[in-house]
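Visitor: In my numbering, each number is its position in the sequence shown, counted from 1, plus 155.
Input: one structure, supplied below.
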Amino acid sequence: MACAMVFAQSPINFDGILSEGEWEKAINFDELILGKSFFFGTFNNIQLSDKFRLSPSLRYSEMNRLDGNEKFYKGYIARLNVNYQFNQNLSFRLVGEFNEFDGKYLIQPLLKWNPNPFTIFYVGGNNNYQFNDQFDSYRLEDAQLYMKFQYQIGN
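In structure tokens form, the structure reads like this:
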């Protein structure tokens, strides 16, 4: 089953709301057992202004034995993309995600400068947080910083 809806309203535009859900037979590859899986997802774009856009999404999935006596897995992944376009050449994106399957948070900031079609510069990072029972809070598990500069020389 799939459903797609599009709303337009001033001053906020809902560019698209897509939701889908389905039940189907599937294989649990951990034990190679046939089961019944359910998936529901919603993927949205909300244009708050010409420069500012939010894109929240939610994916829920579970799988049970065919007889329903045992649940193999159940969980969701919630994600929010925030995009801000300062001008034609400069933009910022922030991605936040929570994965209930492994209990981790992910944060990814990215600054992009694209002054012409042949030049681009990125700077960004990844931060992964895991719940720490010892401290009863989320702690930084790993982080990465990256940068890319690309310039085409000649034709």
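Think of the CB as a built atom: it goes at the ideal place given N, C-alpha and C, for glycine as much as any other residue.
Note that the structure is a prediction, hence the values are computed from the model and not measured.
Could you tell me the alpha carbon to alpha carbon distance between residue 158 and residue 203, rounded to whole angstroms?
Guide: Any reading at residue 158 is ruled out, since the residue's pLDDT is 39, under 50, leaving its predicted position unreliable.
Visitor: Under the criterion of a Cβ to heavy atom distance below 7 Å, does residue 255 qualify as lining the ligand FAD?
Guide: Absent from the structure shown: the ligand FAD. Ligands present: none.
Visitor: When you compare the region 263 to 276 with the region 293 to 306, are there three or more beta-carbon pairs, one atom per stretch, that lie closer than 8 Å?
Guide: Output reads yes: the region 293 to 306 touches the region 263 to 276.
Visitor: Given a cut-off of 8 Å on the beta-carbon distance, is the pair residue 246 and residue 238 in contact?
Guide: Yes, the pair counts as a contact, with Cβ atoms nearer than the cut-off.
Visitor: Straight-line CA distance for residue 250 to residue 190?
Guide: Straight-line Cα distance between these residues: approximately 33 Å.
Visitor: At 3 residues or longer, and completely inside the region 231 to 295: list those beta strand (DSSP E) runs for me, N to C.
Guide: Runs of the beta strand (DSSP E) inside the region 231 to 295: 245 to 254, 259 to 271 and 274 to 287.
Visitor: From 279, 258, 271 and 257, pick the residue whose C-alpha is nearest to that of residue 264; which is it?
Guide: With distances taken between Cα atoms, residue 264 lies closest to 279.
Visitor: So, residue 261 versus residue 236, is the Cβ gap smaller than 8 Å?
Guide: In this structure, residue 236 does not lie closer than 8 Å to residue 261 by Cβ.
Visitor: How many Å lie between residue 224 and residue 184 at the Cα?
Guide: Answer to the nearest angstrom: the Cα atoms are 18 Å apart.
Visitor: How would you label residue 165, buried or exposed, when you count the other beta carbons within 10 angstroms and need 16 or more for buried?
Guide: Confidence in residue 165 is poor, its pLDDT being 44 and thus under 50, which makes the residue's placement too unreliable to answer from.
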